[in-house]
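Before any comments, here is the structure.
Numbering (the UniProt record's numbering), first residue to last: 1 to 427.
Below you can see the structure in the form of structure tokens.
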């Protein structure tokens with residue numbers, strides 16, 4: 001039993017599920033297991049270091065350099081800048097930037113893919129299982145089957161208190177994986193609509209509305225659907241008609257539920273459109289602070305060290321809320337170079353894989369939305385869990401495609417010199 005559990009394919013599935021962060025402590029501390037994220041990141045760091053010692057293929061990959069830059073160099077530089085500017089101890093800086101280490105999941109993921117040789121269909125199934133696990137755990141918290149955390153101490157600022165009043169049952173669990181699965185399902189239904197896939201997509205949509213409650217993600221899903229079905233209006237109409245039929249039928253069964261959701265929609269819309277938000281205030285503070293520091297980056301402060309930014313600026317100052325401006329605060333004038341390496345590097349990784357199924361297409365679309373939404377998206381610093389896994393998938397299948405396209409046998413007895421068949425190197 002234990003030996004079967006440790007089989008490479010099972011380990012790959014376990015890696016995907018754990019990487020979804022569905023069991024980790026959420027940012028608002030309402031759900032999740034304390035310190036599990038830190039243990040996971042230590043495991044990722046340890047396994048990556050071990051692979052560097054024993055696995056020579058790592059050194060053949062240019063993508064590895066990109067991963068190391070994003071997952072090691074940037075958090076270390078941020079910790080150093082915070083120590084130089086605020087005298088924050090280096091370890092506290094690394095603690096604050098620990099989520100960037102999630103990029104290193106690329107190495108164990110790539111290793112397990114090479115060992116198991118999965119098809120894209122296999123990985124699509126693994127990701128769908130992981131997304132369903134996220135939604136299942138989130139709904140368990142939403143319906144009170146799993147109680148909220150009560151033994152984790154943390155401070156709640158005024159903005160968070162307002163959010164709790166507006167969205168009392170919000171649990172931010174597995175947002176990135178659920179979005180990825182939704183896009184993957186839509187891509188798989190471009191040619192053929194099926195009732196099970198539509199029901200699964202509606203299940204994820206209900207999870208987004210009821211549990212995640214993120215307005216920005218809702219808009220992105222709508223835009224993604226229009227983009228995916230842009231050249232298949234017939235499929236879009238079929239999908240919309242089938243989904244509308246299911247929703248209208250459920251409306252007649254549970255009318256009070258839909259009336260309550262409409263009232264919540266109006267409240268969320270009013271809150272989003274009235275007055276300047278905290279992001280505007282945070283952005284203005286960042287621009288002024290970096291300018292006063294001669295455009296040199298200032299790093300990031302940990303809440304565990306003297307209260308972090310809450311004592312320096314205000315209780316709702318978070319770099320994660322302001323996208324590329326959070327990167328600008330950390331690295332100052334180096335931000336354009338870092339953004340160029342990040343966006344161009346990942347575009348290059350995706351481009352090298354010409355044969356993209358629904359999963360890889362979903363990865364690509366998620367990244368495009370992150371790039372277009374760079375002023376709000378914090379994927380550069382905090383998206384390593386999905387981007388690292390995605391880079392491993394693109395790299396593995398680009399290598400597999402190149403191996404299939406290259407000649408592998410002698411033609412009519414012709415013998416070729418070994419130099420004519422070079423070993424394909426990972427790029």
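For every residue, glycine included, the Cβ atom is placed at its ideal position computed from N, Cα and C. Note that the coordinates shown come from a computational prediction; the quantities given were computed from them, not determined experimentally.
Under 7 angstroms Cβ to Cβ from residue i, same chain only, skipping five residues before and after it: list those, please.
i: residue 81; result: 297, 298, 299 and 330
i: residue 225; result: 186
i: residue 198; result: 239, 242 and 243
i: residue 134; result: 20, 22, 173, 174, 177 and 178
i: residue 138; result: 171, 173, 174, 207 and 211
i: residue 200; result: 185
i: residue 75; result: 94, 97, 100 and 101
i: residue 361; result: 187
Take residue i as the anchor and find which of the options has the nearest alpha-carbon.
i: residue 77; options: 335, 20 and 19; result: 335
i: residue 91; options: 305, 250 and 12; result: 305
i: residue 396; options: 379, 350, 362 and 376; result: 350
i: residue 99; options: 118, 151 and 42; result: 42
i: residue 11; options: 123, 376 and 27; result: 123
i: residue 126; options: 34, 389, 380 and 213; result: 389
i: residue 203; options: 246, 291, 366 and 337; result: 246
i: residue 285; options: 255, 248 and 321; result: 321
i: residue 404; options: 86, 355, 346 and 236; result: 355
i: residue 63; options: 44, 345, 36 and 46; result: 345
i: residue 7; options: 392, 398, 391 and 116; result: 116
i: residue 27; options: 393, 394, 382 and 398; result: 382
i: residue 70; options: 236, 398 and 384; result: 384
i: residue 209; options: 234, 340 and 169; result: 169
i: residue 32; options: 328, 293 and 141; result: 141
i: residue 114; options: 283, 55 and 49; result: 55
i: residue 313; options: 282, 118, 218 and 292; result: 282
i: residue 291; options: 328, 9 and 87; result: 328
Under three-state DSSP, which class holds residue i?
i: residue 156; result: Here residue 156 scores only 48 on pLDDT, less than 50, and its place in the model should not be relied on; the value that follows carries that caveat. It is coil, neither helix nor strand.
i: residue 126; result: helix
i: residue 24; result: strand
i: residue 324; result: helix
i: residue 308; result: coil
i: residue 332; result: strand
i: residue 338; result: helix
i: residue 429; result: What the structure shows of the chain is the stretch from 1 to 427, and residue 429 is not part of that stretch, so it cannot be assessed.
i: residue 145; result: coil
i: residue 118; result: coil
i: residue 173; result: coil
i: residue 382; result: helix
i: residue 424; result: Here the model assigns residue 424 a pLDDT of 44, short of 50, so the residue's position is not dependable and the matter cannot be decided.
i: residue 162; result: Reliability of the predicted coordinates at residue 162 is poor, the pLDDT of 43 falling under 50, and the value obtained from them is presented with this limitation in mind. Helix.
Considering only residues of the same chain and omitting the five flanking positions on each side of residue i, which have a CB-CB separation below 6 angstroms?
i: residue 148; result: 30
i: residue 131; result: 177, 178 and 181
i: residue 238; result: 193
i: residue 17; result: 130 and 133
i: residue 387; result: none
i: residue 357; result: 120
i: residue 288; result: none
i: residue 157; result: With a pLDDT of 46 at residue 157, under the threshold of 50, the modelled position of that residue is not reliable, and the figure given next carries that caveat. Only 315 and 316 meet the Cβ criterion.
i: residue 232; result: 190
i: residue 352; result: 398
i: residue 146; result: 140
i: residue 66; result: 345
Excluding the five sequence neighbours on either side, which residues of its own chain have a C-beta within less than 8 angstroms of the C-beta of residue i, listed in chain order?
i: residue 15; result: 105, 108, 109 and 112
i: residue 51; result: 58, 107, 108 and 111
i: residue 83; result: 89, 90, 93 and 299
i: residue 363; result: 180, 350, 386, 390, 393 and 394
i: residue 45; result: 101 and 104
i: residue 222; result: none
i: residue 479; result: Shown here, the chain extends from 1 to 427; a query on residue 479 therefore has no answer.
Assuming residue i and residue j form a contact by the criterion Cβ under 8 angstroms, report the distance between their Cβ atoms to the nearest whole angstrom.
i: residue 326; j: residue 319; result: 3 angstroms
i: residue 228; j: residue 190; result: 7 angstroms
i: residue 93; j: residue 79; result: 3 angstroms
i: residue 342; j: residue 295; result: Actually they do not touch by this definition, with Cβ atoms about 19 angstroms apart.
i: residue 374; j: residue 324; result: 5 angstroms
i: residue 38; j: residue 302; result: Incorrect: roughly 13 angstroms between the Cβ atoms, too far for contact.
i: residue 216; j: residue 376; result: 6 angstroms
i: residue 365; j: residue 183; result: 5 angstroms
Given 6 angstroms as the limit, tell me if residue i has its C-beta closer than that to any heavy atom belonging to the ligand FAD.
i: residue 111; result: This structure simply doesn't include the ligand FAD, nor any ligand for that matter.
- Message: Could you tell me which whole alpha helix (DSSP H) segments of length 4 or greater appear in the segment 60-114?
- Response: For the segment 60-114, whole alpha helix (DSSP H) runs of length 4 or above, ordered along the chain, are 62-68, 74-86 and 90-96.
- Going along the chain, which unbroken runs of the alpha helix (DSSP H) with 4 or more residues stay wholly within the segment 183-214? For the alpha helix (DSSP H) assignment, the uninterrupted runs of no fewer than 4 residues enclosed by the segment 183-214 are, from N- to C-terminal side, 195-207.
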